[in-house]
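Colleague:
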Amino acid sequence: MSNILRPDSRIFVAGHRGLAGSAIVRRLRALGHTNLLLRTHKELDLLDAVAVDWFFQTERPEFVFLAAAKVGGILANRDFPADFIAENLRIQCNIIESAHRSQVSRLLFLGSSCIYPRLAPQPIHEDQLLAGPLEFTNRSYAVAKIAGIEMCWAYNRQHGTRYLAAMPTNLYGPGDNYDLANSHVLPALIRKVHQAKQAGATELVVWGTGTPLREFLYSDDMADACVFLLSLPEAEFKAITSDAERPPLVNVGFGLDLSIGELAQTVCRVLQFPGRLTFDTTKPDGTPRKLMDSSRLFSLGWRPRVSLEEGIALAYADFLAREQAGTL
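Numbered according to the numbering used here, the sequence shown spans residues 4 to 331.
1. Skipping 5 residues on each side, what residues in its chain have a beta carbon closer than 8 Å to that of Gly135?
2. For Val28, I'd like the list of residues in its chain whose CB is within less than 6 Å of its CB, leaving aside the five on either flank, ordered along the chain.
3. Give me the Cα-Cα distance between Tyr248 and Leu133, rounded to the nearest whole angstrom.
4. Tell me, to the nearest whole angstrom, how far the beta carbon of Leu40 is from that of Leu31; I am working on the premise that it is less than 8 Å.
5. Using CA coordinates, which residue listed in Leu69, Gln161, Ser262, Asn159 is at the minimum distance from Leu49?
6. So, under 8 Å CB-CB, Met170 and Ile243 are touching, yes? Tell me the CB distance rounded to an integer number of Å.
7. Where does Thr164 land, buried or exposed, given buried means 16+ other C-beta within 10 angstroms?
8. With a threshold of 8 Å, are at least 3 pairs of Cβ atoms found where one atom belongs to the segment 299-307 and the other to the segment 196-214?
9. Looking at Leu174 and Tyr221, is the spacing between their C-beta atoms short of 9 Å?
10. At which residues does the beta strand (DSSP E) containing Asn254 begin and terminate?
11. Three or more C-beta pairs closer than 8 Å, one from the segment 245-262 and one from the segment 49-62: is that the case here?
12. Which class does Ala134 belong to by DSSP, given the choice of helix, strand or coil?
13. State the CB to CB distance for the pair Trp210 and Lys148, rounded to an integer number of angstroms; the pair is presumed to be in contact (CB under 8 Å).
14. In terms of DSSP beta bridges, what is Glu206 paired with?
15. Three or more C-beta pairs under 8 Å: does that hold for the segment 190-205 against the segment 261-277?
16. What's the C-alpha gap between Leu189 and Ile98?
17. Tell me the DSSP secondary structure of Arg190 in three-state form.
18. For Ala318, count neighbouring C-beta atoms within 10 Å of its own C-beta (all shown protein chains included) and say buried if the count is 16 or more, exposed if not.
19. Going by the CB atoms, is the gap between Asp260 and Glu312 shorter than 9 Å?
20. What are the boundary residues of the alpha helix (DSSP H) that Ala17 is part of?
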């Protein structure tokens with residue numbers, strides 16, 4: 004079985020309807036891949052170990068992108084921690100174990116930058132994993148993702164598998180969640196600014212102090228990085244996934260960050276909202292700063308292409324199309 008992605012390779016994208024998974028599917032199709040194995044939740048419940056194993060034994064995927072996860076913003080993570088840890092652990096365990104049983108050639112597990120300590124040195128290098136306390140507001144989700152990284156590493160060491168964990172920074176783009184109760188900060192701002200603009204408001208209230216620093220990556224850039232990583236030549240891929248002293252972990256970031264206040268101003272500028280910003284300091288800020296050190300990925304030859312303003316404009320166009328179609 005070849006270790007390089009071919010146009011006819013059998014590729015399973017778990018979570019293909021989500022923000023990350025749908026971007027990976029777009030990238031694979033753009034590159035000419037025609038044998039994508041895609042299943043909706045109704046067709047394959049990833050929480051069901053028997054169903055997942057049957058799928059792998061029947062369909063025999065060669066490559067796997069594990070983008071399926073239960074995700075949400077600060078409030079959702081705070082209110083439903085048991086759901087976040089239990090569901091994510093089950094999804095990961097089912098897919099990684101079944102991938103091993105069916106001898107999948109390569110697997111890429113998508114995590115999150117929240118795996119790193121709350122007060123990690125900036126920018127955050129991969130070596131900071133488990134180096135300090137996590138941010139409490141999303142601790143359960145982060146622990147589940149850390150367990151996924153450890154599973155990839157453990158299976159590589161014990162079974163000689165080729166499983167890689169990619170940790171993207173904050174993502175946004177087509178197919179994002181714009182529910183104000185449980186979405187992430189950028190899609191929430193897009194929706195808030197849009198609604199303020201439609202209502203003719205003169206003021207926009209932003210949650211928190213506006214001072215935390217965040218990094219953002221357009222989802223199609225993330226997908227390009229993931230396909231790039233899973234397509235690496237054998238020597239480079241083996242070097243990342245076969246190190247007994249270092250987890251098979253690669254940060255996927257943009258390389259620059261900005262404050263939430265600056266982000267809000269950028270969204271207002273792109274969406275052409277002239278009102279002033281105020282900050283509700285009773286709402287939580289989360290981690291003070293979270294900038295990824297993506298030098299490991301960049302040294303392999305990959306770089307992001309979509310600027311923040313261009314990405315916000317593309318995301319807003321998707322938002323407007325979905326609003327018109329009634330699918331938000």
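C-beta: ideal position from N, C-alpha, C; glycine also.
Modeller: On the basis of the data shown:
1. Pro120, Arg121, Leu122, Ala123, listed in sequence order.
2. Excluding sequence neighbours, Val28 sits near Val16, His19.
3. Tyr is not the amino acid found at residue 248; the sequence shown has Glu there. Roughly 14 Å separates the two Cα atoms.
4. That belief does not hold up - the Cβ atoms of Leu40 and Leu31 are roughly 11 Å apart, past 8 Å.
5. Ranking the options by Cα distance to Leu49, first place goes to Leu69.
6. The Cβ separation is near 13 Å, so there is no contact.
7. Around the CB of Thr164, 16 or more other CB atoms lie within 10 Å, so the residue is classed as buried.
8. Short answer: they don't touch.
9. Yes.
10. Here the beta strand (DSSP E) through Asn254 covers 252-255.
11. The segment 245-262 vs the segment 49-62: no contact.
12. DSSP places Ala134 in coil when its eight states are reduced to three.
13. Here Trp210 is actually not in contact with Lys148; their C-beta atoms are around 24 Å apart, not less than 8 Å.
14. Glu206 is bridged to Arg279.
15. The answer is yes - the segment 261-277 touches the segment 190-205, with three or more Cβ pairs under 8 Å.
16. Near 30 Å, if we compare the C-alpha coordinates of Ile98 and Leu189.
17. Reading off the sequence, residue 190 comes out as Pro, not Arg. Helix, per DSSP.
18. Under this definition Ala318 is a buried residue.
19. In this structure, Asp260 does not lie closer than 9 Å to Glu312 by Cβ.
20. Ala17: not part of any alpha helix (DSSP H); member of the beta strand (DSSP E) spanning 14-17, first to last residue.
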